[in-house]
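Everything below concerns the one structure shown next.
There are 2 protein chains.
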Amino acid sequence: MLRAMRKAIVSSRPTQRDVAAAAGVSQAAVSMVLNKAETPSVPGATRQRILKIASDLGYQPHHAARTLRSARTMTLACVVPDVTNPFYPGLVRGLQKTAAPEGYDVLIYDTDGQAEGERRALRWLQQGRADGVVGTFFHLQAPDFEELGRYGLPMVLLGPPPKDRGGLPIDYMFIDNVEAAAAMTRLLIGKGHRRIAMILAEFGPGRRRALGYEQVMREAGLEPQLVVDRTFSSEAGARAMQSLLSAGDARPTAVFGANDVLAIGAMQAVRDAGLSVPDDVAIVGFDDVPTANLLGLTTVRQPDFELGELAARNLVDRLKPGGLDAPGRSLEWKFEIVERLSA
Amino acid sequence: MLRAMRKAIVSSRPTQRDVAAAAGVSQAAVSMVLNKAETPSVPGATRQRILKIASDLGYQPHHAARTLRSARTMTLACVVPDVTNPFYPGLVRGLQKTAAPEGYDVLIYDTDGQAEGERRALRWLQQGRADGVVGTFFHLQAPDFEELGRYGLPMVLLGPPPKDRGGLPIDYMFIDNVEAAAAMTRLLIGKGHRRIAMILAEFGPGRRRALGYEQVMREAGLEPQLVVDRTFSSEAGARAMQSLLSAGDARPTAVFGANDVLAIGAMQAVRDAGLSVPDDVAIVGFDDVPTANLLGLTTVRQPDFELGELAARNLVDRLKPGGLDAPGRSLEWKFEIVERLSA
DNA sequence: CTGAAAGCGCTTACAG
DNA sequence: CTGAAAGCGCTTACAG
């Protein structure tokens, strides 16, 4: 009874059945007319009538039904550790630009950069939510993706490829994090810095960036100093900077943030302490988010928008007939050091 | 033949049928055990066996099938004009925090702030992609959402409610843009500024903010000066500022960006011209995105994260039994002026 | 209590 | 060429 009352108030979406009934044709005929540019089996007048009625009723195909039947979601997923890190919205924009004209929507899934969040993302993907994925994972490893690969889900992972590719439709896009961090460290040493610290988060790309930093420091006979936090947040960057500043005269003269968000938090902490960047402490970052430019932060540029475009192109191609047969690709992307005023 | 070969390489997802076959029970029994905490009709040993096999096979429910049958997507959509405006990722974080514990995923749909993008979002929603929506629309009006409302889709729109609410399950969350802009304009006048310009985009909240600005300017006997661009981008802000600076000595002494992204672009342009903020030109914005704090931008704070939490709570409640029966609500949110160094 | 059947809204292979 | 039927993978109402 209550249900019936609700029905009266809340109308339901029109279906192909409704259109078919109004047009006096079969439901299948409606499907054909709506989906094919040409339908020789349907008389022109009937076709026009169906189109007109569908439009009048405001018919839109039910996405779940279409997906269930066709096994296509027409959706690409972008799995990121943190939407509020401006690098990722930029990436998403690039994805959308390429995916939209091909008829694909782009969904963003935020893992919070935590292992549990990444496992949730994996389960989410295993439920068939998307036809393709571009993802950044800090904790999950290549074997974790094997199952999805076997199900025929193409993936672009932003990171270095593992030793064993396993013949799955997984492509890797990456920059040489070790070398990029090494180059930035050399730049700082070249400017005369001797006490150089690095701020990083425990997981994700921080490790490889620390590797490059440590190598160059050791080669130069300098002592590496790492401050490790749990997240790539500006709060973490500020916290780390405060602890570095508490060393007084022994404090570093330059600080390398493993990403821009950390570096920006560190800049903030330096200024809050009444000190100047770069006069008292030089600061450099990694990513080149839009804010880096505004703040004059010297950093390593990774082109987010272009990476997004390329990743989407890759997925779209793999989703065409036979696209999954090609072996997994690795694409190394050039980094670039952008010198500004902060160092 | 080719298909058969592919089949051999690409395995398919396990279904409830596969689990049922392996456990020697009906597919329906698998569904019951997997979805209900207690299944009195299924013997304990059988229940355990089903659970074990489902886990071993890595079974995950097919999302489209579940949605089609249950008419629930367990997804909330967040429709935004521009993911790269940091205000929206902040909003999304708030949504996720509240939605995730209730079992809802949050998807982001980017309209690019254009009429066509918003119409695409509307069609997307009409395809039954989400159970609820929180959205910011610059072009679509209340009547455009009537159909979705009749279908029983709860919506939270970020903006002022229209005159005629129409009894639909649409809630509005808004701040008083006119008054907020007026207050900010008064602040600038109080600091002695007389030539105050406003930079805004043609659509969206810019109009009401311009209204408040113009009112206060006129009341003070001052001439309003509006520079209107097509988008709320930092490029637009920089462009507008350049044109203002070209007036030489007649240039404004203060510039009000209708949002922070515009204001930040304007700051950049002032500095690129070799001038100082606030000494040569004072600049204020609107939103209080994270960057505003870093750049010392005086602005109007809208709490993105809290707004997201509240919007999600609202939708989750409306999706509970009877939740749609409540009339549309309006929730006015307090704004706050945050004074920093830019003015 | 127990299990098999109906059906959500589509697409597409297949019989007439 | 034309149309009706099968079936995608689930949930749930309903008959035994």
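Each protein sequence line maps, in turn, to chains A and B.
Residue numbers for the first sequence, in the numbering used here: 258 to 600.
Residue numbers for the second sequence, in the numbering used here: 258 to 600.
By construction, the Cβ of each residue, glycine as well, lies at the ideal position given by its N, Cα and C atoms.
Check                                                                                                                                : Outcome
Closest residue to Asp339 (chain B) among B:Val363, B:Gln371, B:Gly360, B:Arg329 (Cα-Cα distance)                                    : B:Gln371
Start-to-end residues for the alpha helix (DSSP H) that takes in Gln482 (chain B)                                                    : Run containing Gln482 (chain B): none in the alpha helix (DSSP H); it sits in the beta strand (DSSP E), 482-486.
Residue from A:Arg274, A:Ala278, A:Glu593, A:Arg270 with nearest C-alpha to Met441 (chain A)                                         : A:Glu593
Residue-level contact to chain B via CB, Gly385 (chain A), 8 Å cutoff                                                                : yes
is_contact[Glu480 (chain B), chain A] using C-beta, thresh 8 Å                                                                       : no
Where the segment 485-498 of chain A meets chain B: residues whose CB sits under 9 Å from a CB there                                 : Ser491
Amino acids of chain A, ordered along the chain, whose beta-carbon sits closer than 7 Å to that of His320 (chain B)                  : Gln384, Gly385, Arg386
Pairwise C-alpha distance: Ala526 (chain A) and Arg417 (chain B)                                                                     : Going by the sequence as given, residue 417 (chain B) is Pro instead of Arg. Computed Cα separation, rounded: 38 Å.
Beta-carbon proximity list for Thr332 (chain B), same chain, < 8 Å, skipping 5 on both sides                                         : Tyr361, Asp362, Val363, Leu364, Arg386, Ala387, Asp388
Pro535 (chain B) and Ala438 (chain B) closer than 8 Å at C-beta                                                                      : no
Proximity winner among B:Gly423, B:Asp486, B:Ile310, B:Val573, relative to Ala520 (chain B) (alpha-carbon distances)                 : B:Asp486
Three-state secondary structure (DSSP) of Thr355 (chain A)                                                                           : helix
Chain B within 8 Å of Glu403 (chain A), Cβ atoms only                                                                                : no
Helix, strand or coil at Met441 (chain A) according to DSSP, with G and I counted as helix                                           : helix
Unbroken alpha helix (DSSP H) run spanning Ile432 (chain A), endpoints                                                               : Per DSSP, Ile432 (chain A) belongs to no alpha helix (DSSP H) and is neither H nor E.
Reduced DSSP secondary structure (H/G/I, E/B, other) of Glu459 (chain A)                                                             : coil
Leu598 (chain A) classed as buried or exposed, judged by whether at least 16 other C-beta atoms fall within 10 angstroms             : exposed
Burial state of Arg263 (chain A), where buried means 16 or more other Cβ atoms lie within 10 Å                                       : Because Arg263 (chain A) carries a pLDDT of 38, less than 50, the predicted location of this residue cannot be relied on, and the following value inherits that uncertainty. Counting Cβ neighbours within 10 Å, Arg263 (chain A) comes out exposed, since fewer than 16 surround it.
Cut-off 6 Å between Cβ atoms - residues of its own chain near Arg558 (chain A), not counting five sequence neighbours on either side : Asp545, Glu593, Val595
Reference Arg270 (chain B); option with closest CA among B:Thr303, B:His319, B:Val538, B:Pro426                                      : B:His319
Residue burial classification, Ser587 (chain A) (beta-carbon count within 10 angstroms, cutoff 16)                                   : exposed
For Gln539 (chain B), three-class secondary structure by DSSP                                                                        : First, the amino acid is wrong: residue 539 (chain B) is Ala here, not Gln. It is a strand residue.
Of the listed residues B:Ser533, B:Arg528, B:Ala286, B:Glu566, nearest to Asn550 (chain A) (C-alpha basis)                           : B:Arg528
Short CB-CB distance (under 8 Å) between Tyr408 (chain B) and chain A                                                                : yes
Contact list for Gly315 (chain B) against chain A, beta-carbon separation under 8 Å                                                  : Gln383, Glu404
Cutoff 8 Å: Pro238 (chain A) Cβ touching any chain B Cβ                                                                              : Beyond the ends of chain A as shown, which are 258 and 600, falls residue 238 (chain A); an answer cannot be given.
Three-way DSSP call (helix, strand, coil) for Phe394 (chain B) in this model                                                         : coil
Met474 (chain A) versus His450 (chain A): straight-line alpha-carbon distance, rounded                                               : 11 Å
Residue-chain proximity (Arg380 (chain B), chain A), Cβ-Cβ < 8 Å                                                                     : yes
From A:Ala568, A:Ala515, A:Trp590, A:Glu589, residue whose alpha carbon lies closest to that of Pro224 (chain A)                     : Nothing can be reported for residue 224 (chain A), as the shown portion of chain A is limited to 258 through 600.
8 Å Cβ cutoff, Arg350 (chain B) in contact with chain A                                                                              : yes
Any C-beta of chain B under 8 Å from that of Arg270 (chain A)                                                                        : yes
Residue span of the alpha helix (DSSP H) that contains Phe402 (chain B), given as start and end                                      : Premise fails: Phe402 (chain B) is in no alpha helix (DSSP H) and is neither H nor E.
Pair within 8 Å by beta-carbon distance, Leu291 (chain B) and Ala311 (chain B)                                                       : yes
Gln525 (chain B) at chain A interface by Cβ criterion, 8 Å                                                                           : yes
Given Val518 (chain A) as reference, the closest of A:Thr341, A:Ser268, A:Val282, A:Ala302 once Cα atoms are compared                : A:Thr341
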